[in-house]
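For what it's worth, the working numbering labels the leading residue of the sequence shown as 5, then goes sequentially. Following: one structure in structure tokens, then a few remarks.
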Amino acid sequence: MASSAESVPPAFNFSRASVVIIDNNSLCMELLTNILRGFGFRNSHRCATLASGTDAVKSNAIDLVLIDPHQHGELGFDFVRWLRSEKRSPSSQASVIIITAHTPVRLISAARQCGADYVIAKPFSITTLLDRILWVAQSEQRRGELMAPTDLVSSSGSGVELW
């Protein structure tokens, strides 16, 4: 029989973690900011454009990026690719979660190929977002594992949750 200590998830203190939220929808950005504040994040950078997201990453050590890949005709995947290529930057290994309302298999594949850690489909539950943040916080070593895009889709109580 498993002890109660084995079933307790590890505790994380996010108060000193730095997060960048890149979304051109101000309502979504406000919602994400408030949710993250509830999780304990105190240092968030709200960016309505990829350019402002790039500036935030260049001037801060970032631990987590939440990004909608559809940004005024630009693709957030290019931002993630750029982030991963900045080897001298402490932010190059930041966890990246793509949050999007559009989740065709080709988007999931593109997210994986550019270096994102996870894709969450809108609408999502607060629990799903926290679970995925905890997953990437615990699983940095999973960045190199490859899975077929069709293996990455599972349904959750509120929307589709992707790898």
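No residue lacks a Cβ here, since even glycine has one placed at the ideal position from N, Cα and C.
Assign SER89 to one of three DSSP states: helix, strand, or coil.
-> helix
Since SER56 is in the alpha helix (DSSP H), which residue starts that stretch and which ends it?
-> 54–63
Quick one, are the C-beta atoms of ASN64 and SER96 less than 8 angstroms apart?
-> no
Under three-state DSSP, which class holds ASN38?
-> helix
Going by beta carbon distance, what residues of the same chain come within less than 7 angstroms of ALA114, once the five residues before and after it are set aside?
-> PHE81
Per DSSP, which residues does VAL69 bridge with? Please list them.
-> VAL24, VAL100
So, using beta-carbon positions, are CYS118 and ARG85 closer together than 8 angstroms?
-> yes
Would you report the Cα separation of ASN28 and VAL69, rounded to the nearest angstrom?
-> 14 angstroms
Length of the line joining the Cα atoms of ALA98 and VAL61 | 10 angstroms
How many angstroms separate the CA atom of THR132 from the CA atom of ALA141?
-> 14 angstroms
Comparing alpha-carbon positions, which option in TYR122, ASN47, ASN17 lies nearest THR107?
-> TYR122
Residue nearest to PRO127 in terms of C-alpha spacing, selected from GLU90, LEU138, ARG110, ILE102 | ILE102
May I have the straight-line CA-CA distance separating LEU79 from ILE66, to the nearest angstrom?
-> 20 angstroms
Using beta-carbon positions only, say whether ILE71 and ILE130 come within less than 8 angstroms of one another.
-> no
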